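All residue numbers for the sequence shown refer to my numbering, where the first residue is 1 and numbers rise by one.
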Amino acid sequence: MRLIVRDERNGAERVFALDELPMPLTLGRAEDCGLPLPDPSRGISKLQARLELEGDRVCVVDLGKTNRTYLNDQPLPAHRAEPLEPGDCVRIGFYLLEFRDETVAVRERDREEDTSFDGPVWIGGDELFRFMKHVHEVFLERMSKKKRRDEHQDDEDLRAEVRATLGEVMNDTSLPAPGGWSEAALLRELEDYIVGLGPLEKLLADDSVTEVMVNRPDEVYIERAGKLELTPLRFFDHQHIINTIQRIVQPLNRRIDESVPYVDARLKDGSRVHAIIPPLAVKGATITIRKFSKHKFGIEDLVRFGSLDRKMAQFLEWMVLHRASMIISGGTGSGKTTMLNVLSNFIPDGERIITVEDSAELQLNKQHVIALEARPPNIEGKGAITIRDLVRQTLRMRPDRIIVGECRGGEAIDMLQAMNTGHDGSLTTLHANSARDTLSRLETMVMMAEMDLPSRAIREQIAAGIQFVVQTARLADGSRKVTTITEITGLEENAVFTTQDIFVFKQAGFGDDGRVLGEYRATGNVPRFIEGLRERGVRFDMEVFGDV
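The following block contains the structure:
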């Protein structure tokens with residue numbers, strides 16, 4: 001079996017025969033490791049993992065440090081030897097360690113593709129960057145002297161022209177190419193920088209990256225497994241960032257300039273992009289990209305990740321099936337949209353679902369779905385279609401369920417009225433830090449609709465229309481959990497909401513590896529919603545609620 005170590009920041013590879021490596025073999029960023037994995041951002045521990053032999057089998061062991069080791073995209077338990085088979089992949093920070101059958105490894109290494117390298121060497125980032133920047137400058141100068149092409153030139157023709165000009169520049173340049181890179185690989189890298197999204201291309205292709213943040217040309221952060229990491233990837237300069245933003249927004253007929261210095265957009269894969277440029281961005285243009293998993297998660301995935309337990313999952317399934325209206329609340333990046341997608345899987349197939357979103361993110365695994373998306377104003381500031389406009393339209397479209405991706409303003413009153421007039425079982429999300437904060441924010445949003453309703457009337461609508469609040473949070477270790485499931489039970493005489501927690505997450509400190517410790521508990525409270533269903537003959541396993 002062969003070991004192929006790939007640095008995903010630049011594509012550089014090293015290839016080893018496993019039977020020639022000394023065992024046990026330590027892996028980490030420390031220089032004295034058996035296999036050092038350099039990482040200036042400290043996203044890799046000094047001694048993070050170890051390869052060792054158990055009989056004639058090679059195993060990987062996570063050493064229980066702060067940073068996680070992944071086997072086939074699943075986190076490894078600490079201090080437990082996991083046997084490796086051909087085809088397995090171990091991820092440590094930016095490094096992917098692939099274990100391949102001897103014949104497969106040799107065949108793939110000898111294959112003459114654009115993505116191959118001339119030898120199994122590590123590539124110096126600074127050397128590559130200097131070469132690419134020099135070629136880019138000469139390329140721009142040469143292109144400016146050429147006759148202007150058709151503005152409507154398609155992407156393939158443009159890439160062909162860029163590729164040809166880059167080939168000429170590379171042949172003429174006096175600057176030596178960085179060692180270890182074939183001409184084809186360099187051409188592809190430069191092409192990505194010029195007509196693609198530059199250094200973002202690799203990050204968008206990496207399924208383990210959930211968010212990309214460009215602060216400056218030399219400061220690109222990512223979020224992986226809930227933690228921020230500084231990458232060594234760089235843009236050439238501030239104008240290069242702005243050009244990349246333009247390449248994102250132009251196909252969408254959007255604009256960004258000093259008169260409209262910010263924009264929201266969506267990439268082809270559904271990733272959400274926000275960009276803001278000077279004069280609003282004082283230190284230069286910035287880009288934030290929220291990626292969405294290509295894998296459509298189910299409730300079993302969330303249980304496996306530890307986001308909730310099986311009793312909570314069972315309860316949420318019951319509530320969706322029996323048309324309880326719910327709000328999923330939490331902070332930014334706490335998993336609200338993922339939870340909304342998962343809960344929608346429990347809606348029976350025979351029901352008509354209409355979704356309303358500011359930017360389409362939901363991926364419902366259902367047959368009868370109508371998706372509506374709000375529209376921003378055009379260049380003249382006209383033609384905007386708001387979420388509130390769309391929620392009103394849904395009421396004329398015979399919905400069984402209405403799902404609003406996120407409530408932010410006056411659409412809250414229309415959503416509540418729908419929930420109170422036969423469209424129960426609807427779902428939405430909003431930003432709030434607790435169940436009570438959720439109710440307060442919802443009340444404030446209704447007031448934003450300028451309907452001049454008295455406070456008590458608004459609260460009565462909320463108490464009658466919303467049955468449960470599912471509170472999510474991103475904890476200190478980067479994990480995402482459902483921290484409470486709370487029932488809205490009504491109003492007191494002084495118009496104060498009455499609530500009861502059904503499930504809670506009780507944190508119990510931190511482990512030696514920095515992970516949050518704790519457990520999910522049923523409070524013993526039986527929801528009034530359940531009692532009402534039982535009176536109508538619906539049967540439930542009451543053990544889900546603990547000692548009742």
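Each residue gets a CB set at the ideal place from its N, CA and C atoms; glycine is no exception.
No experiment lies behind these values; they were computed from the predicted model shown.
Exercise for the section: Specify the secondary structure class of residue 167 as computed by DSSP and reduced to three states. Expected result: Taking the sequence shown and counting its residues from 1, one reaches residue 167 at position 167. Helix.
Problem - residue 56 to residue 8 span [Cα, whole Å] - result: Residue numbering aside, residue 56 sits at position 56 when the sequence shown is read from its first letter. Residue numbering aside, residue 8 sits at position 8 when the sequence shown is read from its first letter. Their backbone Cα atoms lie some 30 angstroms apart in a straight line.
Problem - For residue 90, the residue or residues it bridges with in DSSP - result: Mapped onto the sequence shown, residue 90 falls at position 90. BP columns for residue 90 point to 71, 97.
Handout entry: Collapsed DSSP secondary structure at residue 486 in the structure displayed
Key = Numbered from 1 along the sequence shown, position 486 holds the residue referred to as residue 486. Strand.
Problem - Beta bridge counterpart(s) of residue 329 as assigned by DSSP - result: Taking the first residue of the sequence shown as 1, we reach residue 329 at position 329. In the DSSP output, where bridge partners are listed per residue, residue 329 has 430, 471.
Handout entry: Counterpart residues of residue 322 in DSSP-defined beta bridges
Key = Working through the sequence shown from its first residue, we reach residue 322 at position 322. Per DSSP, residue 322 has no beta-bridge partner at all.
Exercise for the section: May I have the straight-line CA-CA distance separating residue 92 from residue 231, to the nearest angstrom? Expected result: Taking the sequence shown and counting its residues from 1, one reaches residue 92 at position 92. Taking the sequence shown and counting its residues from 1, one reaches residue 231 at position 231. Rounded to whole angstroms, residue 92 to residue 231 spans 14 angstroms at the Cα level.
Exercise for the section: On a CA-only basis, which of 546, 167, 444, 515 is nearest residue 310? Give me that one, please. Expected result: For the purposes of this step, residue 310 is taken as residue 310 along the sequence shown, with counting starting at 1. Considering only alpha carbons, the answer is 546.
Practice task
Taking residue 324 as the reference, give the member of 532, 88, 99 with the closest Cα.
Solution key: Along the sequence shown, one-based indexing puts residue 324 at 324. Answer by Cα proximity: 532.
Practice task
Express the C-alpha separation of residue 374 and residue 383 in angstroms, rounding to a whole number.
Solution key: In the sequence shown, the residue the question calls residue 383 occupies position 383. In the sequence shown, the residue the question calls residue 374 occupies position 374. Using only the alpha carbons, I get a separation of about 11 angstroms.
Practice task
Decide if residue 282 is buried, meaning its Cβ has at least 16 other Cβ atoms within 10 Å, or exposed.
Solution key: As a position in the sequence shown, residue 282 is number 282, starting the count at 1. Looking at its Cβ environment, which holds fewer than 16 other Cβ atoms inside 10 Å, residue 282 is exposed.
Practice task
Could you check what DSSP says for residue 268 in three-state terms: helix, strand or coil?
Solution key: Translated into positions along the sequence shown, residue 268 becomes position 268. Here residue 268 sits in coil by DSSP.
Problem - Endpoints, the alpha helix (DSSP H) within which residue 360 is located - result: Position 360 of the sequence shown, counted from the start, is the residue given in the question as residue 360. Premise fails: residue 360 is in no alpha helix (DSSP H) and is neither H nor E.
Practice task
Evaluate the contact criterion for the stretch 503 to 520 versus the stretch 474 to 487: three or more CB pairs, one atom per stretch, below 8 angstroms.
Solution key: yes
Handout entry: Close beta carbons around residue 221, own chain, < 6 angstroms, minus the five adjacent residues each side
Key = Taking the sequence shown and counting its residues from 1, one reaches residue 221 at position 221. 213, 228, 230.
Handout entry: Separation of residue 469 from residue 521, as counted between CA atoms
Key = Within the sequence shown, the letter at position 521 stands for residue 521. Within the sequence shown, the letter at position 469 stands for residue 469. In a straight line, the C-alpha of residue 521 is about 16 angstroms away from that of residue 469.
Problem - 4 or more residues per run - each alpha helix (DSSP H) lying fully within the stretch 341 to 422 - result: 387 to 394, 411 to 419
Exercise for the section: Specify whether the stretch 347 to 357 and the stretch 447 to 456 touch according to this definition: at least 3 beta carbon pairs, one from each stretch, less than 8 angstroms apart. Expected result: no
Exercise for the section: Name the two residues that bound the continuous alpha helix (DSSP H) containing residue 76. Expected result: Counting from one through the sequence shown, the residue named residue 76 turns up at place 76. That residue, residue 76, is in no alpha helix (DSSP H); it is neither H nor E in DSSP.
Problem - Cβ-Cβ separation, residue 315 to residue 544 (assumed contact under 8 angstroms), whole Å - result: Counting from 1 along the sequence shown, the entry for residue 544 is found at position 544. Counting from 1 along the sequence shown, the entry for residue 315 is found at position 315. So it is a contact: roughly 6 angstroms between Cβ atoms.
Problem - Other residues of its chain near residue 62: CB distance less than 6 angstroms, five sequence neighbours each side excluded - result: Walking along the sequence shown from the start, residue 62 turns up at place 62. Contacts found: 49, 69, 76, 78.
Problem - Segment contact, 8 angstroms Cβ cut-off, at least three pairs: the stretch 486 to 505 with the stretch 238 to 252 - result: no
Exercise for the section: Give every residue of the same chain whose Cβ lies closer than 6 angstroms to the Cβ of residue 403, excluding the five residues on either side of it in the sequence, and list them in chain order. Expected result: Counting from one through the sequence shown, the residue named residue 403 turns up at place 403. Closer than 6 angstroms at the Cβ level, and outside the excluded window around residue 403, lie 355, 427.
Handout entry: CB of residue 3 within 8 angstroms of CB of residue 18, strictly
Key = Mapped onto the sequence shown, residue 3 falls at position 3. Mapped onto the sequence shown, residue 18 falls at position 18. Yes, they are a contact pair.
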